[in-house]
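To start, the structure itself, in C-alpha cells.
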Amino acid sequence: MKINGTYLVHLPQERAYALLQDPEILAKCMPGCDRLDKVAENEYEMKMKMAIASMSGLFDGRVKLADQQPPSSFRLLVEGKGKIGFLKGDGLLKIETGDETTNVIYEGDVQIGGTMAAVGQRLLDTTSKMMIKRFFDKFAEVTRDLKTPGPVPAQLQD
Amino acid sequence: MATTTITRTEPLVGKRIRRREDPRLITGTATYVEDIQIPGMHHACILRSPHAAARIRSITTQPALDMPGVVAVFTGADTQGIGPVPCGASLPGLRVPYHRILATDRVYFVGHAVAVVVATDKYIARDAIDLIEVDYEPLPAVADPEKAIAPGAPPVHPEWPDNVAFTFHQEGGDIDKAFAEADVVVKQRITSQRLIPTAMETRGVVAEWRPGEKSLTLRSSTQIPHLMRTLVAQMLSIPENRLRVITPEVGGGFGSKFNVYAEEALMGFIAMKIHKPVKWIESRRENFLCTIHGRGHVDYFELAAKRDGTMLGLKLKLIQDLGAYHQLLTPLIPTFSVLMMPGLYKFANIQADITGVFTNCVPTDAYRGAGRPEATHGIERMVDILAAELKMDPAEIRFKNFVQPDEFPYATPTGLSYDSGNYAAPLEKALAAVDYPHLLAEQAKAREAGKLMGIGISSYGEICAVGPSPAMPAGGWESATVKIEPTGKVTIMTGISPHGQGEETTFAQIAADELGVDIDDVLVIHGDTTVVQYGIGTFGSRGTAVGGSALYFALQDLKAKIKKFGAMLLDSDDILFANGQCICNKTGKSVTIAEVAGASYRAMKLPPDTEPGMVATRFWEPPNFTFPFGAHIVVTEVDKDTGDIAIKRYVAVDDIGKIINPLIVDGQIHGGVAQGLGQALWEQAVYDDNGQLITGELMDYALPRASRMPWIESSHTVTPSPVNPLGVKGVGEAGTIGCSPAVVNSVVNALQPFGIRHIDMPLTSEKIWKLVNAGGQA
Chain F
233 MKINGTYLVH LPQERAYALL QDPEILAKCM PGCDRLDKVA ENEYEMKMKM AIASMSGLFD
293 GRVKLADQQP PSSFRLLVEG KGKIGFLKGD GLLKIETGDE TTNVIYEGDV QIGGTMAAVG
353 QRLLDTTSKM MIKRFFDKFA EVTRDLKTPG PVPAQLQD
Chain X
508 MATTTITRTE PLVGKRIRRR EDPRLITGTA TYVEDIQIPG MHHACILRSP HAAARIRSIT
568 TQPALDMPGV VAVFTGADTQ GIGPVPCGAS LPGLRVPYHR ILATDRVYFV GHAVAVVVAT
628 DKYIARDAID LIEVDYEPLP AVADPEKAIA PGAPPVHPEW PDNVAFTFHQ EGGDIDKAFA
688 EADVVVKQRI TSQRLIPTAM ETRGVVAEWR PGEKSLTLRS STQIPHLMRT LVAQMLSIPE
748 NRLRVITPEV GGGFGSKFNV YAEEALMGFI AMKIHKPVKW IESRRENFLC TIHGRGHVDY
808 FELAAKRDGT MLGLKLKLIQ DLGAYHQLLT PLIPTFSVLM MPGLYKFANI QADITGVFTN
868 CVPTDAYRGA GRPEATHGIE RMVDILAAEL KMDPAEIRFK NFVQPDEFPY ATPTGLSYDS
928 GNYAAPLEKA LAAVDYPHLL AEQAKAREAG KLMGIGISSY GEICAVGPSP AMPAGGWESA
988 TVKIEPTGKV TIMTGISPHG QGEETTFAQI AADELGVDID DVLVIHGDTT VVQYGIGTFG
1048 SRGTAVGGSA LYFALQDLKA KIKKFGAMLL DSDDILFANG QCICNKTGKS VTIAEVAGAS
1108 YRAMKLPPDT EPGMVATRFW EPPNFTFPFG AHIVVTEVDK DTGDIAIKRY VAVDDIGKII
1168 NPLIVDGQIH GGVAQGLGQA LWEQAVYDDN GQLITGELMD YALPRASRMP WIESSHTVTP
1228 SPVNPLGVKG VGEAGTIGCS PAVVNSVVNA LQPFGIRHID MPLTSEKIWK LVNAGGQA
C-alpha cells in the first residue's frame, strides 16, 4: 500500500534532518516502540508492539537509514515480524525548508503479511495514517525545546 | 387370468416430502467430525506460511516441544516418506509439481503447511504453534495469472520459469470459415473471479490407529470417502483394506471437499507415529487460505455472427489461475468450460485455447458448477453483447439459435452428445411469467423517468450426472446395495456421499415406491468404506442420476427375487408383486415382503436356482452425461446515487428432467441461486501483489445473506433424460450456473443508457457507482 503525507515541524531544516535520525528520538516517537538498539551504522534492532484490527502482538524489527542527503532527504526502511504476521516499510522522507518551520514530506510503501494481512488489510490505511500521525505529534512534543543542538533533556528520557 | 385388483398407493416419487435428514441437523443431534470424541484423543494444529513465496532456511521446534502438553512436532523433514497430495488429472504435457504434505525447503503460497504440533489439548497445540521459529527468506511472488505469464514474472516453481502448467487446444468445425463468413464479430474479455467455497462446516479429520489390528480409521469431512481411502492408502503406503474412511455428517462441500488434502494423510501419519487418536479441525481462516478456491478465469471471447443474428462460431482464449499446485482435479476444471462453451446454441464451429497458469495462491478446483458457470457466463454474456451490437432483442436472438427439439441427441462441436431438450420451452415460460412485452414497456417508462431498470436473460445449459467412466479420471459409475432384512426393513448402501443433497430422503422415496414399503422402513447408509461397497462419491450433480439409477437396478433385481420366493411360498406361478405384497392372482392369497424376506434368510426351502438372503448390488455405468437446461430472468433496478443493485424479480425455469422431490429441488435451486448471486454481486477472493489473501475472513469476503436474497419464482419444464431409468438430469449446480449471467445481463441492460456493454463480476456498489458517475467509463 502506498502512503504519503506532509507534516509541519517547528524546527530548522538541518535540525529536523538530524533529529529525525536520532535513535533516541525515534525510539521515543515510534508508536509502540519498546526499545531500539544500534547494531551497525544507521541500523537498529527494534522491539515494538503493534495493533491492527482485532489483533495485537510484539514485533521484532530492524530499522535502517539509507541514501542520506543532508539536510534534505533520507530513506527509512523498516522490517518487522511477529506472531500475527510481518510488515515491511520503505519510505523516503524529504525535509524542505521554510523560515522558522520545516515540511517533512514522506512517501512510501507498506506491505503486511500473514494473519495481519488476511484480517487487517481493510484497516491498514487508517492504521498506518494513525501511526504516522502519532509519530509526528510525539516528535513535535519531544523536539519542542530542541531547536538547537544539545543533549536530549533528562525529563524527556522518562 | 388376473382377477385380483390392487389399488396402488400413491407414489412417493414426485412428492414434496420433507427431508428425513433435517430433524437431526436442526436439533443439534447430528454427528460432525468435530463432535467425535475418542478416549486418549490428541489434537493437532498446523503452522502455515505467512509468505506467498519464500525459502525455508531453518525451523526451530524445540521451544514448542518444551511446552507442557505438547507431545510431538513434525516438519517436512519428518514426512518425506509420505506420498504427494494427489492430482487425479492427466493432460498431455501437464506439469505436476511434487506436492508434499508439509513444505520442506520452500513455501509456495500463504497458508502452505510448514509444521504440525500435536498436544493433549487443542488450545495448547494452538499456543505451541507460536513457539516454532521459521527462518524464511522471502522471494518475489505472483498472484495474478495474466501477470504470471508476462515476461519477467517471478517463477512460482523455479523449474518452470514460464509459470505455464499446461496448454490445451480444442477445435470443432471450421472456425476460420465461420469468421470469414461473418458479418459481425464481437469480442470481449470476461473474468470469473476467484471464489471461496465457504462450506458451513470447515474441513476436519480424526485419525485412529489400532496397532494390534494394523488398521487406520480416518473420519473426514469429505465428498469422496472411497476415493480418499484408495488415495490416502497409497500416500501412507498402507494396504487399502486396512484403511477405513468414515464421513460422518458433512456440513456442505460445494466441491471443496471433492478432494484429498494434505491433512488426511498427515493426521494418519501422526496417529500411526504417536499411537493415539488425533483430531484436526480447520479454522475458518485456514479454510479461506488452504481449502481450494473456485473459478479464477480470464476469458477472451470472440463471437462471429450473421447480421440476422445467426451465430456462426466462437473463439475462446482461457487463462486459468491454477494456484501453486494441482489438487485432485485442478487442471481438468477449465476443460469442462471448453466442453460447455457453445451453450444451448447451434453453431458448429469452435476454437478454444487454455493456458493453465501457476500462481502463488491456494489451488483452484471444483466449486459448484466447476468450469460450467464460467463457460455459461461467457456465452450468455456474449449473446447479449451480440444482441446489443445488432440491436436485436436478447430473447429473440436466443430463440433463433437454439438447438431444436427434433435434433436430439445433438452432437456439439466440442464432442458432447446432448441427451434431450426443448430449449425454447423454459425461456417461453419465463418470458410469460414476467409478461415480457409489458415488462419492456415498463422499462421504457422507467427510463423516461430517469430510473435505471434492467432486464436480464440467461438460457443456460450444463453437464450433469458426471459421468461416463471414460470421461472421468477414476470411474464415473455408481453403486448401490439394497438389503431387505429378515424382518422386512430395507437398508440401502449407496456409493454416493450426500452432504446436503437429501438422498437419504429421495433414495428412500424411490425404494419405497419400488418395493411398496413404508418410507420409514427404509434406511439409507453412506460414507463408510467398511460398510458400503466401493463408490465414487457426490459431485457434478450425479447423486440421483447415477447413484439413484444404480439403486433402481438393484431394486429390480430384488423385486425379481421377491417374486420367486413369493411364487414358492404361495405355490403359484401367477404372482403379482405390489404394495409390498406378493399376491397370487388365482387364489388372492398373499405374503408380505417381511414374510418373503424372512423365508429367504431361514432358507428352509429355496426356489430353483436361487440363493438365500435378500440382497442385491449393482454397479451402474451411465452411457452419457445428462444435460439440464433452463432460463433465468432477472429484473433489476440500479440506484444512481449509491450504485446499489436491487433485484426486483427473479424468475427461474429449470428443466432438470424428472423430479423425485420438488421440495428438495426448490432447496437446491434456492441455494444455487444464492451462490450465483454471491459471485455476480459480492464475492471475490482478493490476493494482493505479494500473494497475501486480503479477503481472509468473513468480514472481508462478502457471502450472500438472507436479507439480500430476492424472492425466487421457481418453476420447471420437464424433459426426461433418456440416459437413465429415472429420467432425471441433476439439479445441484443448475441455480448457480443459470444465475450469474442473468444478473450481469440485467445490470448491463439497466446501464445501457451509459453505453456500457460489459462489467466484470462482482458488481459491487462501488464499481457500479463509479461507472454511473463516470458516464460509463470504467
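Respectively, the protein sequence lines represent chains F and X. The first sequence begins at 233 in the working numbering and counts up by one. The second sequence begins at 508 in the working numbering and counts up by one. Cβ coordinates follow ideal geometry from the N, Cα and C atoms, glycine included. From a predicted model like this one, the values you see are computed outputs, not experimental measurements.
Item, Value
"Selection from Asp637(X), Ile1090(X) and Ala1061(X) that minimises the alpha carbon distance to Gly1073(X)", "Ile1090(X)"
"Contact set between Lys391(F) and chain X, taken where Cβ atoms lie within less than 8 Å", "This structure gives no information on residue 391(F), because the portion of chain F shown stretches from 233 to 390."
"Ile886(X) versus Ser790(X) - alpha carbon distance", "37 Å"
"6 Å CB neighbourhood of Pro912(X) in its chain, flanking five on each side removed", "Asn929"
"Three-state secondary structure (DSSP) of Gln389(F)", "Residue confidence for Gln389(F) is low, a pLDDT of 43 falling below 50, so the modelled location carries little weight; the figure read from the coordinates is stated next. In this structure, Gln389(F) counts as helix in the three-state DSSP scheme."
"Residues within the segment 548–577 of chain X neighbouring chain F, beta-carbon criterion of under 7 Å", "Pro557 and His558"
"Amino acids of chain X, ordered along the chain, whose beta-carbon sits closer than 9 Å to that of Thr393(F)", "This structure gives no information on residue 393(F), because the portion of chain F shown stretches from 233 to 390."
"DSSP three-state assignment for Gln245(F), whether helix, strand or coil", "helix"
"Ser1097(X), DSSP secondary structure in three states", "strand"
"6 Å Cβ shell around Ser606(X) - same chain, five flanking residues per side excluded", "Residue identity check: residue 606(X) is His in the sequence provided, not Ser. Around His606(X): Pro591, Val592 and Tyr832."
"Backbone CA spacing between Arg905(X) and Phe1134(X) [nearest angstrom]", "18 Å"
"Neighbour-count burial assignment, Lys1112(X), 16 or more Cβ in a 10 Å radius", "exposed"
"Lys952(X) in three-state terms, based on DSSP", "helix"
"DSSP three-state assignment for Asn236(F), whether helix, strand or coil", "strand"
"Residue(s) in a DSSP beta bridge with Ala1138(X)", "Ser966(X) and Val1160(X)"
"Residue from Ser597(X), Ser1221(X) and Ala877(X) with nearest C-alpha to Ser699(X)", "Ala877(X)"
"Residue from Gly588(X), Val890(X), Val1141(X) and Phe1046(X) whose Cα sits closest to the Cα of Phe909(X)", "Val890(X)"
"Where Phe291(F) meets chain X, residues with beta-carbon distance less than 9 Å", "Near Phe291(F) there are no residues of chain X at all, since even the closest Cβ is about 13 Å away, more than 9 Å."
"Residue-chain proximity (Gln700(X), chain F), Cβ-Cβ < 8 Å", "no"
"Partners in chain X for Val351(F), counting only beta-carbon separations shorter than 8 Å", "Arg792, Gly1203, Glu1204, Met1206 and Asp1207"
"Anticipated Cβ contact below 8 Å, Val336(F) with Tyr239(F), distance rounded", "5 Å"
"Alpha carbon of Gly1105(X) to alpha carbon of Glu992(X), nearest angstrom", "8 Å"
"Local Cβ density within 10 Å of Leu934(X), reported as buried at 16 or more and exposed below that", "buried"
"Beta-carbon contacts of Arg523(X) that lie in its chain and below 8 Å, excluding the five residues immediately before and after", "Asn1168, Pro1169 and Leu1170"
"Interface partners of Leu1200(X) on chain F, CB under 7 Å", "Ala350"
"7 Å Cβ cut-off: residues of chain F touching Asn908(X)", "The premise fails here: Asn908(X) is roughly 44 Å from chain F at the closest Cβ pair, so nothing lies under 7 Å."
"Straight-line Cα distance separating His1006(X) from Ala1052(X)", "16 Å"
"Beta-carbon gap between Ser1247(X) and Met1216(X) smaller than 8 Å", "no"
"CB-CB length for Ser763(X) against Ile799(X), believed under 8 Å", "5 Å"
"Beta-carbon contacts of Ala509(X) that lie in its chain and below 6 Å, excluding the five residues immediately before and after", "With a pLDDT of 44 at Ala509(X), under the threshold of 50, the modelled position of this residue cannot be trusted; read the value that follows with caution. Correct list, in chain order: Asn1092."
"CB contact below 8 Å: Leu796(X) versus chain F", "yes"
"Residue-level contact to chain F via CB, Asn867(X), 8 Å cutoff", "no"
"Coil, strand or helix - Gly1178(X) by DSSP", "helix"
"Residues that Phe318(F) contacts on chain X, provided the C-beta gap is smaller than 7 Å", "Pro557"
"Beta-carbon contacts of Trp1189(X) that lie in its chain and below 6 Å, excluding the five residues immediately before and after", "Ala1209 and Pro1269"
"Start and end residues, alpha helix (DSSP H) containing Trp667(X)", "Trp667(X) -> no alpha helix (DSSP H), and no H or E assigned at all."
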